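K.L.:
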Amino acid sequence: MIPVYAFFLLYIFPLGLEFCSAINSITPTQFLKDPEAIVSNNTLFRLGFFSPSDSSNRYVGIWYNHPSIKEVIWVANRNNPITDSNGVLKLSVDGNLQVFNGRNQTVWSSNHTLHASKFSVAQLSDYGELLVQASNTSSKNGSTIWQSFRHPVDSVLPNMGFVLDPNSDLKRVLQAWRSFSDPSDGRFSIGTNSLDLFQLIIWDGDRPHWRSGPWNGNIFIGTRYHNTGFGNILVNTGSFTQDEIGGMSSLVFAGANETLMSHYVLTNKGTIEQRWWDDSSKSWRISWKAPDNVCDTYGKCGEFGNCRPRSSPICSCLKGFEPKNKEEWKRGNWTRGCERRVQLKCGKQDGSKQDGFLRLKMMKVPENAEKMTGMSIDQCRSACLTNCSCIAYAYDILITCLTWSQNLIDVADLSPGGVDLYLRLAQSELSNKLNVKAIVAVSVISGLTLVVVAAVIWFMWRRCRSRGNVPPLPVTKFHKKKETPDPFVFGDKSQVTIDDLEIIKFEKLDEATDSFHQKNLLGTGGFGQVYKGKLEDGQEIAVKRLSRASGQGTEEFMNEVALISKLQHRNLVRLLGCCVDGEERMLIYEYMPNKSLDAFLFDPEKRKCLDWQTCFNIIEGVCRGLLYLHRDSRLKIIHRDLKASNILLDKNLNPKISDFGMARIFGGNQDQASTQRVVGTYGYMSPEYAMEGHFSEKSDVFSLGVLLIEIVSGKKNNNFWCREDSLSLLGYAWKLWSEDDIISLVDPSISGAPFQAETVRCMHVGLLCVQQLAKDRPNMSTVISMLVRDIMDLPNPKQPGFIQRQTASDTGSYQMSEQTSSTNDVTVTALSPR
């Protein structure tokens, strides 16, 4: 007999199933007719006939027996619906469950071949499993002969196991619904491609869509660390352990809370989600899901490409590699990947130095790993080095040695998480790295020497000054050098200095933030972290600390200091001071207790705090702040990175535009500028800026339009993708507008009759702002007039820019990390969905 390897996802619950013989069982003489249902003994689950939303077809299924929960977790006849309301579920004398339609035709059968008897019974367990048991026979007294958990649909429940048979299709363990109204087999499935080095894979048809990375007995090493989910020990909803039971491998999912209703579901958008029922809000909460960011999509950056979700662009070639097609790469098409710059020397006797390894920290290990057990890390390195076909290795303390002989695909930065990957390179590539280290070391030593000399001079000056021999030093004014790579940063007549800005000592900020303790971390931006602090007088502040590792951040820092010190408006964040101490660069802002708009806008719970009046006040405030930058301040400023995460909210939810690191000053008569250094955030950049480097106030208007549509719809542009038409949020809004159905995109929480006209008007204005051509977009004064109805009749919008996503393999779970606003040194020609 061919062995079957079973991998079970289980919750550890009290053993022993209880059944109710009257209300939760079917026998050969007791049928279940539509619309009858049976309920589990604990009343948690119901088995019966149902119709999905927007469908009249009837199916036999199991769902939660709860008035507020509309979640079907198992379907019998998913691919063969009943088209009438006369369906029957029967248990035949041979122990097979069968579903009949009104014409007495069989539409589904359990089709098992195990021995049964006329005393067989089908029961719904307390764990939501439909069981068929053979009773009172000489060979199988009370034994289970069929169980629904061995035939899952799209969900994994507590205590549920699913079997991986090496002789069956390992890709099809779970199969998503086709749509919300159609439970038939959809395009996405989840399974594995190996029983030796076990990992989970979501498949889009026959193409891999997401990969968990190998299971090491404790975690899947290809997932980021979270508080919950596949990647690590589950805090609230269970943990994974691994077992060997009866010769079969079992993956046990241990439930930490036996009363918690939770399950995994593979959605028709291609995401696997862990959901738990929040009875207080009467809604499902998602504690973990995958794919979860832009780099989770399988092979996003092609062979030998590395995906970094916080970078812009997100894809870069691994050290020692270069794009196969540089023009395509510059346009954001990374699927062809990279190729080696200098060929390896392994096995060549030409007198040159042999290859070495470059350490890449905290990486998602590539696909197609080969496992070599029982090795130390040194043995693993030696085994790879002596094998000319080995191009990389990694070491996990539980799996031990992993090596790769095929081209590396699906590589990503998993910080925090992942494992260190050692990439084989020619010695010349590694020598370059060593030279850079030497230069850095010399620079650091020289810098320290200068600091020591400066400290001695300062000490002597202080000593002399205390004796009254030396006049006080003049206050230093920071200013931007004219030699800037971008001539539009400051014009000759617009050079800015920092007047009347308080210079705060590092020691004060260190004390105010409790030595920049993690508990005070508010968020991570493109060039550093933002901490909450409290000064000696009790004033709360927000401290933006420039990352020392950011080579590009100093320019943005000085730019932000120079700009924002000159700006005063109720809808712009207020700069209180700055700190320049050695390598430290910090900005001190007023503290915003409600953090950023995106924290409210895209969180299902916090979103409830935003009624329509609050939303409109935020929209109007952002518009007035932007109008001030463009027209009313003494400096004409283009922000270039307007987005929800850069809109801060004070205690009364009043908006304040922040993060001026990317902003640029225009001359008095200047309307447009160009740059080779495109910066900003994908999904908010205008077409002319992303593709050609041209920016103007109309670029900010485009970003505002995206923000308007996000606020009114409650959907994030970089998280949204209409799979059927490959549409972005802007494209979907345009489609609905063209079909005269834009109201369907409005968030239901604000779409009530009293506000319907206003919400639709905001959508209308948003579409006018995101039109493809800059000349067609209104300026900010016109936008405000449109919103407050000074202009009653609005023109019809033209087609927006970026209405479609580019890569066909990307899914509806499209997302983009927005924690980073960093430099993109290439011209962007297309937005790339996740």
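Letter by letter, the sequence shown follows residues -22 to -1, 1 to 812 in mature numbering (1 follows the signal peptide of the UniProt record, and there is no 0).
Glycine included, each C-beta is placed from N, C-alpha and C at the ideal position.
As the structure is a prediction and not an experimental result, all values here were calculated from the model.
Which residue comes first and which comes last in the alpha helix (DSSP H) that contains residue 606?
P.N.:
Unbroken run through residue 606: none, as it is neither H nor E.
K.L.:
Whole angstroms is fine: what's the gap from residue 556's alpha carbon to residue 480's?
P.N.:
Each residue's alpha carbon lies about 7 Å from the other.
K.L.:
Using alpha carbons as the reference points, say which of 53, 353, 584, 710 lies closest to residue 77.
P.N.:
If we check each option's Cα against that of residue 77, 53 comes out closest.
K.L.:
Just the C-alpha distance for residue 62 and residue 349, rounded to the nearest angstrom, thanks.
P.N.:
Their Cα atoms are separated by approximately 54 Å.
K.L.:
Can you check the segment 331 to 363 for any beta strand (DSSP E) of at least 3 residues that lies completely inside it and give the ranges in chain order?
P.N.:
Here the runs fully enclosed are 334 to 342, 348 to 350.
K.L.:
By DSSP's criteria, residue 514 is part of a beta bridge. Which residues make up the other side?
P.N.:
None; residue 514 has no bridge partner.
K.L.:
If contacts are defined as beta-carbon pairs under 8 Å, then residue 304 and residue 403 qualify, I think. What distance do you get, rounded to the angstrom?
P.N.:
With 8 Å as the limit, residue 304 and residue 403 do not qualify as a contact, their Cβ atoms being about 20 Å apart.
K.L.:
Relative to the alpha-carbon of residue 160, which residue among 507, 35, 636 has its alpha-carbon at the smallest distance?
P.N.:
Of the listed residues, the one whose Cα sits closest to residue 160 is 35.
K.L.:
Is the beta carbon of residue 683 sitting closer than 9 Å to the one on residue 738?
P.N.:
No, these two residues do not count as a Cβ contact at 9 Å.
K.L.:
Are any of the Cβ atoms in chain D nearer than 9 Å to that of residue 727?
P.N.:
Within the model displayed, chain D is absent; a lone protein chain is all it includes.
K.L.:
Hey, how far is the Cα of residue 487 from the Cα of residue 510?
P.N.:
Each residue's Cα considered, the two are about 10 Å apart.
K.L.:
Could you check where the beta strand (DSSP E) with residue 370 kicks off and where it finishes?
P.N.:
That run of the beta strand (DSSP E) goes 370 to 374.
K.L.:
Taking just the CA atoms, how far does residue 98 sit from residue 8?
P.N.:
Looking at the two C-alpha atoms, the distance is approximately 11 Å.
K.L.:
Roughly how many whole angstroms lie between the Cα atoms of residue 775 and residue 280?
P.N.:
So the alpha carbons of these two residues sit roughly 37 Å apart.
K.L.:
Should residue 364 go down as buried or exposed, given a rule of 16 or more other Cβ atoms within 10 Å for buried?
P.N.:
Flag for residue 364 reads exposed.
K.L.:
Quick one: using the 10 Å Cβ neighbour count with 16 as the cut-off for buried, is residue 766 buried or exposed?
P.N.:
Per the 10 Å Cβ criterion, exposed.
K.L.:
Look at the alpha carbon of residue 576 and the alpha carbon of residue 622, and state the distance between them as a whole number of angstroms.
P.N.:
Roughly 5 Å between the two C-alpha positions.
K.L.:
Alpha carbon to alpha carbon, what distance is there between residue 605 and residue 493?
P.N.:
Whole-angstrom Cα-Cα distance: 38 Å.
K.L.:
Got a sec? Which residues, its chain only, sit under 6 Å from residue 390 by beta carbon, not counting five neighbours each side?
P.N.:
For residue 390, where only same-chain residues beyond five positions count, the Cβ hits under 6 Å are 273, 285, 342.
K.L.:
Does the distance from the C-beta atom of residue 626 to that of residue 695 stay below 9 Å?
P.N.:
No; because the gap between Cβ atoms is not below 9 Å, this pair is not in contact.
K.L.:
Assign residue 587 to buried or exposed, taking buried as 16 or more other Cβ atoms, counted over all protein chains shown, within 10 Å of its Cβ.
P.N.:
So residue 587 ends up on the exposed side.
K.L.:
Report back the beta-carbon spacing between residue 601 and residue 758 to the nearest angstrom; my notes put them in contact at under 8 Å.
P.N.:
With a Cβ gap of about 6 Å, residue 601 and residue 758 count as contacting.
K.L.:
State buried or exposed for residue 616, treating a residue as buried only when at least 16 other CB atoms are found within 10 Å of its CB.
P.N.:
Its Cβ being crowded by 16 or more others within 10 Å, residue 616 is buried.
K.L.:
Can you give me the start and stop residues for the beta strand (DSSP E) that residue 672 sits inside?
P.N.:
It spans 672 to 674 - the beta strand (DSSP E) in which residue 672 sits, taken as one unbroken run.
K.L.:
Of the residues 379, 334, 370, 367, which one's Cα is nearest the Cα of residue 355?
P.N.:
For the residues 379, 334, 370, 367, the minimum Cα distance to residue 355 belongs to 379.
K.L.:
Here's a check: name, in chain order, each residue in its chain whose Cβ is nearer than 7 Å to the Cβ of residue 11, leaving out the five neighbours to either side.
P.N.:
Cβ neighbours of residue 11 beyond the five flanking positions: 66.
K.L.:
Would you report the Cα separation of residue 499 and residue 566, rounded to the nearest angstrom?
P.N.:
Their Cα atoms are separated by approximately 14 Å.
K.L.:
Going residue by residue through the segment 49 to 121, where are the continuous beta strand (DSSP E) segments of at least 3 residues, counting only ones entirely within it?
P.N.:
Runs of the beta strand (DSSP E) inside the segment 49 to 121: 50 to 53, 66 to 69, 75 to 78, 84 to 87, 99 to 102, 108 to 112.
K.L.:
If you run the structure through DSSP and keep just helix, strand and coil, what is residue 585?
P.N.:
Looking at residue 585 - three-state DSSP - the assignment turns out to be helix.
K.L.:
What residue does the alpha helix (DSSP H) around residue 747 start on, and which one ends it?
P.N.:
Looking at the DSSP string, the run of the alpha helix (DSSP H) that includes residue 747 is 734 to 747.
K.L.:
Provide the residue(s) that pair with residue 568 in DSSP beta bridges, ordered along the chain.
P.N.:
Paired residues: 519.
K.L.:
Looking only at its own chain, which residues have a Cβ that is under 6 Å from the Cβ of residue 20, when we skip the five neighbours before and after it?
P.N.:
Once the five neighbours on either side are set aside, the close Cβ partners of residue 20 are 104.
K.L.:
So residue 177 and residue 185 are in contact, right, with Cβ under 8 Å, and what is the actual spacing, rounded?
P.N.:
The pair is not a contact, with the Cβ atoms about 16 Å apart (cut-off 8 Å).
K.L.:
Apart from the five residues on each side of it in sequence, which residues of its chain come closer than 7 Å, Cβ to Cβ, to residue 276?
P.N.:
Hits under 7 Å: 186, 187, 188, 189, 388.
K.L.:
Compare the Cα-Cα distances from residue 151 to each of 73, 195, 243 and report the closest residue.
P.N.:
Comparing Cα positions, the closest option is 243.
K.L.:
Determine the burial state of residue 375: buried for a count of at least 16 other Cβ atoms within 10 Å of its Cβ, exposed for fewer.
P.N.:
Exposed.
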